[in-house]
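Enquirer: Take this structure first; my questions come after.
Structure representation (structure tokens):
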């Protein structure tokens, strides 16, 4: 067989004009309900205010002097896992810098369980702090 032969020439039973069948899908039960959905300006403002209040509450929890190291680590982990950590980047960095700086002076560190130790290790490593195993 020469290099110039086509695949269809080598398969005699194959129809010359092969096309995918045209399918007809039933209309969606949702129709265009979500494409034409829009919120009222008052509702959007209300949501924006609620979001700002929640962000301020989370920020105050993060900066609280009363929180223990483990509470701050859990909060940072939760905020990042929820995908809203970018709202608090500076606060998270400040808290992790303090945790890293005073890591050797932390008296509670001897009482940390495996979860706390691994969470602290992972968060510090994720934020590019040099922590040994």
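In our numbering, the protein residues as written are 1241 to 1373. Positions of the beta carbon are idealized from the N, C-alpha and C atoms, including for glycine. A quick note: this is a predicted structure, and the numbers were derived from the prediction, not measured.
1) Taking only runs of the alpha helix (DSSP H) that begin and end inside the region 1279-1314, which ones reach a length of at least 4 residues, in chain order?
2) Quick one: Cα of residue 1339 to Cα of residue 1368, how far?
3) What residue range does the alpha helix (DSSP H) around residue 1345 cover?
4) On the criterion of 16 or more Cβ atoms from any shown chain inside 10 Å, does residue 1335 qualify as buried, or is it exposed?
5) Going by other Cβ atoms of all chains shown within 10 Å of its Cβ, with 16 needed for buried, is residue 1322 buried or exposed?
6) Under a Cβ-count criterion, where at least 16 other Cβ atoms within 10 Å of its own Cβ denotes burial, should residue 1312 be classed as buried or exposed?
Expert: Reading off the structure:
1) As far as the region 1279-1314 is concerned, its whole alpha helix (DSSP H) runs of at least 4 residues are 1281-1303.
2) Taking the straight line from one Cα to the other gives about 13 Å.
3) Here residue 1345 belongs to no alpha helix (DSSP H), and DSSP marks it neither H nor E.
4) With 16 or more Cβ atoms within 10 Å of its Cβ, residue 1335 is classed as buried.
5) Counting every other CB atom within 10 Å of its CB across the protein chains shown gives residue 1322 a total below 16, marking it as exposed.
6) Answer is buried; the Cβ neighbour count reaches 16.
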